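Below you'll find the structure, written out as structure tokens, and then a few comments.
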Amino acid sequence: MFRVFAPEREVKLSLSKDYSNPRKEIYAMQQNKIGIWELSLKGDYEGYYYSYIVEDKYEVTDPYSFTSSINSMYSVVIDMDKTNPEDFKSSKIPIIVEDEAIIYEMNVKNYTADETSGVRNRGKYLGISEKNTRYNGFKTGLDNLEELGITHVQLLPIYDFISVDESNERFFDDDNYNWGYDPELYFAPEGSYSTDPNNPLSRVRELKKMILAIHQKNIAVIMDVVYNHTFKSYDSNLNTLAPNYYYRMNNDGTFSNGSGVGNELASERPFARKLIIDSLKHWVNEYKIDGFRFDLMALVDVDTIKLALKELRKINPNLIIYGEPWMALDTTLAYDKHTVKGSQRSNGFGVFNDVYRDAIKGDTDSYGIGYVQGNYSLKNLIEEGIAGSINYDKSRNGFCDYASETINYFNCHDNLILYDKLQVSINDLDKINDYVKLAMGLIMLSYGKPFLYEGNEFNHSKHNDRNSYNSPLFINAINWKEKQDNQNIFNYSKDIISLRKELKVFNESDPDKIRENLTFIDGLDNSIIAYKIKTDKTYILVAINAGNSTLNISKEKISVFLECKNLEIKRIFSKEGKDNSKVKTISLEERSVNVYKIGE
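Residue numbers (full-length UniProt numbering): 1 to 600.
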């Protein structure tokens with residue numbers, strides 16, 4: 001059955017067995033009472049190329065296409081059951097509760113495109129699927145993800161986008177790179193990441209193989225989705241089929257442009273909302289996607305977000321939704337419908353915490369400094385972030401009802417990556433690893449969901465590119481020599497992720513329990529943040545010294561703080577990573593994160 005929504009335009013079906021054959025069969029369609037054109041054909045049309053002819057003069061793809069020809073020229077009839085790799089249908093998704101998530105953002109092409117990845121299918125879905133890949137003995141690709149210990153990968157756009165040439169011949173060209181925030185077909189995978197972009201089935205099957213391989217490492221898969229705009233505006237398939245329906249319009253007939261790139265989808269309208277939720281369900285049901293990150297989430301009305309979460313959690317109770325609680329420019333969407341910070345309160349989804357991000361390392365692209373570089377006036381905001389940005393007390397009062405609502409991060413794909421940001425904002429570059437460790441420690445030892453960007457774990461640099469969305473692979477691709485050169489940072493990152501998972505205390509999301517068990521030590525130097533977390537048998541003490549000299553916390557102060565004396569103190573984490581030493585004093589090296597277990 002061919003079906004498409006076009007309430008005010010005549011639509012016909014164009015069908016062809018051969019992509020290169022200009023001869024096409026044209027079929028009339030029938031419109032029902034709600035504006036949907038329908039046609040049922042007898043016979044087997046699997047593999048046929050099709051499009052819709054609108055008003056006998058426009059030809060567009062099907063917005064509900066499950067796959068397409070190369071470069072999104074035609075939609076393709078496909079039997080999704082025939083795209084399943086061996087064991088895919090019977091495979092189990094990772095069961096990881098939301099509060100345990102440690103998220104790692106990555107780009108399919110970036111991760112294995114460089115020769116140092118040791119991968120055969122460089123930059124492709126199948127490149128991520130490869131196992132036992134190495135660079136000079138160091139694990140790369142999927143094996144690196146497993147070694148690091150993260151629980152979820154967030155993939156930059158893998159739906160069909162229109163800003164690159166999908167052909168293999170141009171795959172590595174410097175001027176043929178794009179992150180993919182340019183949606184064309186919301187139900188279809190991107191073809192450039194397929195080893196055979198000319199075969200409409202390959203992109204589907206190979207994406208499923210990649211997801212299966214990631215799941216087999218017990219890592220969940222989050223998909224980056226862009227429902228705030230489409231790449232095309234007037235001539236998009238949506239606007240050609242239903243002019244001025246799928247997009248928000250200004251009073252003068254121009255497109256509302258809250259996205260900053262020309263248009264914005266009207267998610268609040270019934271068939272636009274249906275398109276969004278149907279496509280999300282398609283990715284979960286067909287590809288076993290475990291969560292979604294919404295780009296410019298403020299432009300997707302909050303009712304759509306809440307309904308999507310409700311529907312998706314019927315399929316996977318552990319599914320995660322979060323996004324950017326902001327927009328680029330003004331919108332015509334009513335203010336009370338914006339999905340901004342605060343709208344997530346008690347609604348089950350999360351948002352990126354830009355306040356904590358900037359408090360940690362300063363502004364995103366310039367010379368401003370955060371707490372880790374010595375701006376100790378931000379101590380209160382850091383403590384607010386540590387507490388999960390809940391209403392902890394009068395002076396540390398965040399925007400969350402539950403800690404699971406905050407995504408704690410210091411960088412993502414946008415703006416300067418942490419290593420490059422530190423290079424432009426500190427003078428003592430020989431100490432840069434200390435600053436990286438401080439930032440890593442803060443997000444891993446805070447309540448809420450920690451979030452890393454690819455390569456943060458070994459000082460990946462993008463050569464000070466502040467917006468690498470279409471920069472060449474020289475800028476964007478992971479050079480795995482960086483892992484070899486920065487093993488100290490990688491081991492530290494791996495250790496602190498492991499520590500978070502072992503302690504489990506930072507998985508708590510309930511605000512009452514956080515307030516009951518978390519206590520900050522007041523009266524310390526502003527360069528020191530120290531807090532205890534009460535567990536059933538012990539206290540966990542975290543002490544962070546962002547200063548430039550070793551400082552001590554007296555045992556007497558600790559005893560008073562813990563309201564007990566003569567407790568055994570064991571240091572379980574220090575500046576070099578995991579530790580297991582009994583200590584008599586709390587001595588904090590300069591620029592260090594320290595964790596103690598007291599009373600066991």
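Where a beta carbon is used, it is the ideal one built from N, C-alpha and C, also for glycine. As the structure is a prediction and not an experimental result, all values here were calculated from the model.
So, helix, strand or coil for Val221, using DSSP? Val221: strand per DSSP, three-state reduction.
Can you check which of these residues, Thr538, Glu516, Phe561 and Gly385, is closest to Asp522 by C-alpha distance? Phe561
According to DSSP, is His152 part of a helix, a strand, or is it coil? strand
Would you call Ala28 buried or exposed, if buried means 16 or more other Cβ atoms sit within 10 Å of its Cβ? exposed
Looking only at DSSP bridge pairs, what is Ile569 linked to? Val583 and Ile598
Endpoints, beta strand (DSSP E) assigned at Lys12: Val11 to Ser16
Keeping to the same chain, check which residues put their C-beta closer than 8 Å to that of Ile528; ignore five residues upstream and five downstream. Ala543, Ile544, Asn545, Ala546, Gly547, Leu551, Ile553 and Leu588
Taking contact to mean 3 or more Cβ pairs, one atom from each stretch, closer than 8 Å, check whether the region 287-299 and the region 335-345 are in contact. Contact holds: three or more Cβ-Cβ distances are below 8 Å.
Span separating the alpha-carbon of Ala266 from that of Ala6: 16 Å
Extent of the continuous alpha helix (DSSP H) run through Gly127: Tyr125 to Ser129
One question on the structure: do Ala403 and Ile382 come within less than 7 Å of each other, judged by their Cβ atoms? no
Looking at Thr406: is its Cβ nearer than 7 Å to the Cβ of Gly448? Yes, they are a contact pair.
Are the CB atoms of Phe271 and Arg357 nearer to each other than 7 Å? no
Measure the alpha-carbon distance for Gly398 versus Ile321 and round it to whole angstroms. Inter-residue distance for Gly398 and Ile321 is about 20 Å (C-alpha atoms, whole angstroms).
State the Cα-Cα distance for the pair Ile96 and Leu524, rounded to the nearest angstrom. Here the alpha carbons of Leu524 and Ile96 stand approximately 38 Å from one another.
Beta-carbon proximity of Ile360 to Ala439, cut-off 7 Å: yes
When the Cβ atoms of the region 460-475 are set against those of the region 174-185, are three or more pairs found closer than 8 Å? yes
Rounded to the nearest angstrom, what separates Tyr152 and Leu452 at their Cα positions? Per the sequence shown, residue 152 should be read as His rather than Tyr. Roughly 10 Å between the two C-alpha positions.
Among all the DSSP beta bridges, which residues are the ones paired with Tyr27? Leu13
Consult DSSP for Thr332 and reduce its assignment to one of helix, strand or coil. Correct three-state label for Thr332: coil.
Residue ranges of each beta strand (DSSP E) run of no fewer than 3 residues wholly in the region 171-240, ordered along the chain? 183-189 and 220-225
Expressed to the nearest angstrom, what Euclidean distance is found between the alpha-carbon atoms of Ile426 and Gln373? 7 Å
For the region 178-195 against the region 156-164, do three or more pairs of beta-carbon atoms, one drawn from each stretch, fall closer than 8 Å, so that the two count as touching? yes
Glu589 - DSSP class collapsed to helix/strand/coil: coil
Leaving out the 5 sequence neighbours to the left and right, which residues in its chain are closer than 7 Å to Leu418 when beta-carbon positions are compared? Lys361, Phe410, Asn411, Val436, Ala439 and Asn456
Would you check if the distance between the CB atom of Asn415 and the CB atom of Arg466 is smaller than 7 Å? A Cβ-Cβ contact shorter than 7 Å links Asn415 with Arg466.
In terms of DSSP beta bridges, what is Glu59 paired with? The partner list for Glu59 (beta bridge, DSSP) reads Ile53.
Cross-strand partners of Cys400 (DSSP beta bridge): Ile390
Straight-line gap, Arg269 to Asp143 (C-alpha atoms, nearest Å): 44 Å
Please work out which residues of its chain come closer than 7 Å, Cβ to Cβ, to Lys534, disregarding the five sequence neighbours upstream and downstream, and give them in chain order. Exclusion of the five residues before and after Lys534 leaves Asn517 as the residues of its chain whose Cβ lies within less than 7 Å of its Cβ.
Leaving aside the five residues before and after Gly350 along the sequence, list all residues of the same chain whose C-beta is less than 7 Å from its C-beta, in chain order. Tyr322, Gln344, Ser404, Glu405, Thr406, Ile407 and Lys449
Less than 7 Å between the beta carbons of Lys494 and Gly123, yes or no? no
Does the distance from the CB of Val76 to the CB of Thr67 come in under 7 Å? yes
Output needed for Ser40: all residues of its chain with C-beta closer than 7 Å, excluding positions within five of it in sequence on either side, in chain order. Met1
Count the other C-beta atoms from every protein chain shown that fall within 10 angstroms of the C-beta of Glu105, then say buried if there are 16 or more, exposed otherwise. Buried: at least 16 other Cβ atoms inside 10 Å.
Please state whether DSSP places Pro270 in a helix, a strand or coil. Helix, per DSSP.
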